Structures are given as C-alpha cells and as structure tokens.
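*Asks:* Before we start, here is the structure in question, set down as structure tokens.
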Amino acid sequence: MNAPSPVIRLQAVTLRYGRIPVVDGVDLEIAANRVTTLSGPSGSGKSTLLRTLCRMNDRLPGFSVSGKVEVLGQDVHAPSTDVCDLRRRVGLLFQKPCVFPKSILENVVFGLKYHHPGERARFPELARRALEQAGLWAEVKDRLDAPAVALSQGQQQRLALARTLALEPEILLLDEPTASLDPESSAIIEELAATLKARCSLVWVTHDPAQADRIADRKIAFADGRILPHT
Amino acid sequence: MSRKTKDFLIMMALGLCALLGAALLGFILSAVLWRGWPALGFDFLFTAPGKFGEGGVLFQALGTLLLTLGAGALCFPLALGSALFQTEVLRPGKWNDTVSLLLYSLNAVPTVLFGLIGFLVFGVWMDTGVSWLTGVLVLAVMILPTVQTAVRQSMQAIPESYQETARALGLTPWQRVRAVVLPRSVAGLVTGVLMGLARAAGETAAIMFTATVFSGVLFPKSLSDPALTLQTHILTLAQEAVDPAAQAAAWGAGLVLISLVFCLIGLSLLIRRRNAVEADL
C-alpha cells in the first residue's frame, strides 16, 4: 500500500526574526488526512513554523524565510502564489478563541460572505454543516442570532473552528487550540480531531505531550528550532 | 510633612488645575451667553444682514456651514485614505512614524499661515481667488491632521485578533477593510469628522482673507464668489463697531457660532458613546 502523499513539504527551511534563527534548516514532510502534532518547549519555533505554512508571519518586522515551503504542491513564497487563496485552503485556528461581535450565524458565515458571495442562499445550510463538524450545532441551533460573545470560551473556540471549516480547508493548522480552555472543552476539541482528519489534514501545535499521545497519528518534537531525531 | 498630607496637597493641586480649565470654559460660555442672548430672536436668526451691524445672521451662518461642510466633505476621503494607507499598507516602522510626525507637525502650523499659503497655492496659482472654494480648500487642509489622526487612532484601536482572524480566513486587504476595519472604527470616523468640522467652524484667520467678506454678497452663486461667515462678521463688528447695538449683534453672532461648534462636539460625543455601547454588546 502506498504512503499518503505529503500535503506539506519543507526543504532546508530556516525562519529568522532579524538575524536570530527561530527554525533552523528543517526538512519535513506531512502526510494528508493525518493528525500531526508539533510539540516542544516555548520558543522552540513550532508556532512560527505553523504560521509560516499559511504566510501569517509576513507582516512581522524582521521576519525572513529561506529554503522551500511547499503546501498542497505549491511553493507558498513563489511570486505567483495567491496568499488569500492559500489561507482559504489552509485554515488556522488560534490559541485564544476570537469571535466577532456579531451573531453566532454571522460568525460562521463570515469568511463565506467574501469567498462565496454568490451562494448566500446556501449559507444557512453551510453554516449548519460547519457547526455540526465543530460539534456545536446541538448547543446553538435554537439561538443562531444570539451574540457570539455570550458563548463560553470552549464554545467560542468551536465557533471559530466552525468558521474556518465553513471554508472547507484542505489543511487545518491549530496553534495550541485548547491552551486557554477548561479540560471538558479541550476534550471535545480533541475528539473532533479524529473525525476532522477524514476531511482535511491537521497540524496541531501543543505543549502537552499527553495530548499529543492522545490525538496524534504522527508526533514531531521540536527543540531549539530543530526537529528532534526519531520523531 | 506626612505622606497623607503630601497626597492631599498633590490631589488639591491637580483638582485646582482641572477646576481652572473647566472654569475658563465656563467663564467664556457665560460671557458669550450673557452678552449674546439679548440679540437673539427670530429676526436675528432668520433674516438677511442689513446695514453695518444690523439685520440677522442667517447668511453668515449658512456661509459658515457651507465652508465647514465643504471642508469636511473634501477632507474626509483624504483622511480615510491616508489612515488606511498608514494602518493597512505601511508596516509599523520609521516610515509610518514619519507620516504620523508630519501630520502632527501640520496640526501645529499657525492657522494664519494656512491662510497665507492656501491663498498663494489655491487663490493665486490655481486661480480660485478670494472665494468660498478657496476657503473650503484651505480649511480642508487645515483640518486634515485632526480628522486623519482621529480616524487612524480608531483604526489602530481595533483588536489585532480581529485583523489576524480575517487574514487567516483569506480575506483580501480590501475585504478586511470592509469586514473589520470600517465597521469597527465607525465611531472614530464620525467623531474625527465632527471634531474636524468643529475646528473648521471655529476658524477665522485661515479664511479671513481667502474666502470671506463682511458684506456685498449674501450667498455665493458661483465657485468664485466669496461667502459671508459668522467668524468674519464677529471679527469685523468687534473691531469696528461703536454702536452698542452692533456690538450686541457681534455677541449674538458669537453665541450662534459657539452653539454650532458645541452641537458638532455634542453630536460626536453622542455617536462615540452609542457606538461604544454597541461595541460592548
């Protein structure tokens, strides 16, 4: 049986803030439809690497990249790369849940309004599907017009996940998505990982080795900007 | 001296400073109200001016509104574009700081110099002469730093997490402006414009010799006509009137002008407060 083709391929990638390398000469391939965890101590470069995959570090002063970062068969730093399309195909979930001061429904369709403006009639259906995928539908189906900020932290994080999933990303990047949540909410999001990997590839940054053990198909450990051997 | 006494004295000194500022404003308002009130009446507010210092101030008030609103309409797109350029295009750094410094410096230029330079550039080189159009152009440049700074600060106050989220969802810069920046900074936009309008409405020196006359016209009929304004009306009467009735008319015009300015400031505070409440919901 053939190994799944890689959706992410890094070749001699070095990431710097000014002159200081944060990630140093990393080679890596990440397979499709798997949960891959990146773990390591603070400052080991895992979040910087994660954000580089969807070019979210571009505006940081002094940030530079060398080597080749290939995502979904495309060199993300090639001049021909459409960054906005890349970010639609490669969703990113942040550590702290961020919901807009709008209704729950408005939050879910936030990205859809701009990427699929002609499909407004389908938004309720797409929103429902995304909320179901994020495991939130049952809790909010009767109050979709309620303000999103009234949800608990854990629900807000799943709402943010639904908003990202609504765009049907092929890769989902999660930057310590449970770090600011209570254990119960964390467990719900961890369980979602197992079902979501059928639809997209997950790259999950975590500090917690036990969490990596629970969710990962493949674990990658970072230290001092390098991948530790045998991971 | 004990620490408690020292704290008390410092608190008193600070309170005195605050009281002095408020008292000065109170004194100015009371003086204008006291002296201007007797002149107010239907005829004064709604009729055309008569001989020197006689008649109403309707056309002066309309002239002031024309210059103020014209300047605001011209300035707003410039201020918005420039603020968006600074916040969305320029990265934080020395170029961004330089633009801010230049705008702050522009704010510090004496307004009479705006009048002189504005007349030279617009009135002479662009051949708009002494006209309400020149006045609008001069005032628009003069209030640009006030409006731009207020607009930019309201954009910079948008939580970075909103911007990051919109970026991560693949919105283009313009989509991000529409989806996040403009809706979240609407209070700042309105406040900035109204504060700019209030400043323009109160300005005298910059329009004195570029846009306004004391008499000879009522309302401009073409772009090259000058306008009557409350500011010029007050200045001329205050300098030249010897008749007590004309002096009272100057105070009355002052009261109308200050009411106009306070209406704009009050409106901006109201909109800011309402939007602050809505943003918290």
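Protein chains in written order, with this note's numbering: chain A, 197 to 427; chain B, 59 to 339.
Positions of the beta carbon are idealized from the N, C-alpha and C atoms, including for glycine.
Owing to the predicted nature of the structure, the values given are computational and were not obtained by experimental measurement.
(1) Quickly, what does DSSP pair aspartate 271 of chain A with across the bridge? List them, please.
(2) Taking Cβ positions only, does leucine 288 of chain B come closer than 8 angstroms to chain A?
(3) I believe valine 238 of chain B touches alanine 137 of chain B by the beta-carbon criterion, under 8 angstroms. Please report the beta-carbon distance rounded to the nearest angstrom.
(4) Going by other Cβ atoms of all chains shown within 10 Å of its Cβ, with 16 needed for buried, is glycine 73 of chain B buried or exposed?
(5) Going by Cα to Cα distance, which pick from A:Leu355, A:Gly269, A:Gly258 and A:Leu361 is closest to lysine 298 of chain A?
(6) Where does proline 297 of chain A fall in DSSP's three states?
(7) To the nearest angstrom, how far is it from the Cα of valine 286 of chain A to the Cα of valine 295 of chain A?
(8) What whole-angstrom Cβ distance do isoleucine 265 of chain B and leucine 125 of chain B have, given they're in contact under 8 angstroms?
(9) Going by C-alpha to C-alpha distance, which of A:Tyr310, A:Pro373 and A:Pro343 sits closest to arginine 236 of chain B?
(10) Taking DSSP as the reference, what is the three-state secondary structure of lysine 109 of chain B?
(11) Where do the N-terminal and C-terminal ends of the alpha helix (DSSP H) with glycine 181 of chain B fall, by residue?
(12) So the beta strand (DSSP E) valine 231 of chain A belongs to, where does it begin and stop?
(13) Identify which residue in A:Gly421, A:Leu246 and A:Ala274 has its Cα closest to the Cα of glutamine 291 of chain A.
(14) Taking 8 angstroms as the cut-off, does the region 112-125 of chain B touch the region 307-326 of chain B (at least 3 CB pairs, one atom from each stretch)?
(15) I need the DSSP call for threonine 248 of chain A, collapsed to helix, strand or coil.
(16) Judging by CA-CA distance, which residue of A:Leu301, A:Ala274, A:Ala362 and A:Val279 is the nearest neighbour of leucine 229 of chain B?
(17) In chain B, what lies closer than 9 angstroms to phenylalanine 259 of chain A by C-beta?
(18) Figure out for me which residue from B:Tyr220, B:Val147, B:Ser219 and B:Met253 has the closest Cα to the Cα of leucine 202 of chain B.
(19) Could you work out which residues of chain B lie near arginine 284 of chain A, taking near to mean beta carbons separated by less than 8 angstroms?
(20) Mark glutamine 206 of chain B as exposed unless 16 or more other C-beta atoms lie within 10 angstroms of its C-beta, in which case mark it buried.
(21) Is aspartate 338 of chain B helix, strand or coil by DSSP?
(22) Can you tell me which of the three DSSP states serine 243 of chain B falls into?
(23) Quick check on cysteine 75 of chain B: buried or exposed, where buried means 16 or more other Cβ atoms within 10 Å of its Cβ?
(24) List, in chain order, every chain B residue whose beta-carbon is nearer than 9 angstroms to that of phenylalanine 290 of chain A.
(25) Under the three-state reduction of DSSP, which class applies to glutamate 261 of chain B: helix, strand or coil?
(26) Among A:Thr248, A:Val267, A:Gly269 and A:Val265, whose alpha-carbon lies nearest the alpha-carbon of phenylalanine 259 of chain A?
(27) What residues from chain A crowd round arginine 149 of chain B, counting only those whose CB sits closer than 7 angstroms?
(28) Start and end of the beta strand (DSSP E) containing lysine 152 of chain B?
(29) What number of angstroms, rounded off, separates the C-alpha of phenylalanine 100 of chain B from the C-alpha of proline 284 of chain B?
(30) Provide the residue span of the alpha helix (DSSP H) that contains alanine 131 of chain B, from first to last.
(31) Would you be able to state if there are at least three C-beta pairs under 8 angstroms between the region 409-418 of chain A and the region 219-235 of chain A?
(32) State yes or no: is the beta carbon of glutamine 233 of chain B nearer than 8 angstroms to at least one beta carbon in chain A?
(33) Is DSSP giving glutamate 315 of chain A helix, strand or coil here?
(34) What does DSSP give as the partner residues of valine 401 of chain A in its beta bridges?
(35) Please classify valine 221 of chain A: does DSSP put it in a helix, a strand, or coil?
(36) Kindly say whether alanine 237 of chain B, judged by its beta-carbon, lies nearer than 8 angstroms to any beta-carbon of chain A.
*Replies:* Reading from the atomic positions:
(1) DSSP, once it has assigned bridges, lists A:Glu266 as partnering aspartate 271 of chain A.
(2) Leucine 288 of chain B has a beta carbon lying at 8 angstroms or more from every beta carbon in chain A.
(3) Between alanine 137 of chain B and valine 238 of chain B the Cβ distance is about 19 angstroms, and since that is not below 8 angstroms, they are no contact.
(4) When all chains shown are included, glycine 73 of chain B counts as exposed.
(5) Distance from the Cα of lysine 298 of chain A is smallest, within the candidate group A:Leu355, A:Gly269, A:Gly258 and A:Leu361, for A:Leu355.
(6) Proline 297 of chain A falls in the coil class under three-state DSSP.
(7) Rounded to the nearest whole angstrom, the CA to CA distance from valine 286 of chain A to valine 295 of chain A is 19 angstroms.
(8) A Cβ-Cβ distance of about 6 angstroms is found for the pair isoleucine 265 of chain B and leucine 125 of chain B, placing them in contact under the 8 angstroms criterion.
(9) When each option's Cα is compared against that of arginine 236 of chain B, the closest is A:Tyr310.
(10) Coil.
(11) No alpha helix (DSSP H) contains glycine 181 of chain B, which DSSP labels as neither H nor E.
(12) It spans 231-235 - the beta strand (DSSP E) in which valine 231 of chain A sits, taken as one unbroken run.
(13) Nearest C-alpha to glutamine 291 of chain A: A:Leu246.
(14) Flag = yes, the region 307-326 of chain B and the region 112-125 of chain B touch.
(15) In the structure shown, threonine 248 of chain A sits in a helix (DSSP, three-state: H, G or I).
(16) Per the Cα distances, A:Val279.
(17) The contacting residues do not exist; phenylalanine 259 of chain A stays about 11 angstroms from chain B at best.
(18) Distances from the alpha-carbon of leucine 202 of chain B to those of B:Tyr220, B:Val147, B:Ser219 and B:Met253 put B:Met253 closest.
(19) In chain order: Leu227 and Gly228.
(20) Buried.
(21) Caution applies to aspartate 338 of chain B, whose pLDDT of 45 falls short of 50 and renders its modelled position unreliable; the value that the coordinates give is listed next. Here aspartate 338 of chain B carries a helix assignment [DSSP, helix/strand/coil].
(22) In this structure, serine 243 of chain B counts as coil in the three-state DSSP scheme.
(23) Classification for cysteine 75 of chain B: exposed.
(24) The answer, in chain order, is Ser219, Glu222, Thr223 and Ala226.
(25) Looking at glutamate 261 of chain B - three-state DSSP - the assignment turns out to be coil, as it is neither helix nor strand.
(26) Nearest of A:Thr248, A:Val267, A:Gly269 and A:Val265 to phenylalanine 259 of chain A, Cα basis: A:Thr248.
(27) Under the 7 angstroms cutoff, chain A gives Arg255 and Pro257.
(28) Taken as a continuous stretch (DSSP letters only), lysine 152 of chain B belongs to no beta strand (DSSP E), being part of the alpha helix (DSSP H) at 152-166.
(29) Here the C-alpha atom of phenylalanine 100 of chain B lies approximately 26 angstroms from the C-alpha atom of proline 284 of chain B.
(30) Note, alanine 131 of chain B: alpha helix (DSSP H), 116-142.
(31) Between the region 219-235 of chain A and the region 409-418 of chain A, the count of Cβ pairs shorter than 8 angstroms is three or higher; the stretches touch.
(32) Chain A contact via Cβ: present.
(33) Helix, per DSSP.
(34) For valine 401 of chain A, which the question treats as bridged, DSSP gives the partners A:Leu234 and A:Asp371.
(35) Looking at the sequence provided, one finds glycine at residue 221 of chain A rather than valine. In this structure, glycine 221 of chain A counts as strand in the three-state DSSP scheme.
(36) Cβ-Cβ to chain A under 8 angstroms: yes for alanine 237 of chain B.
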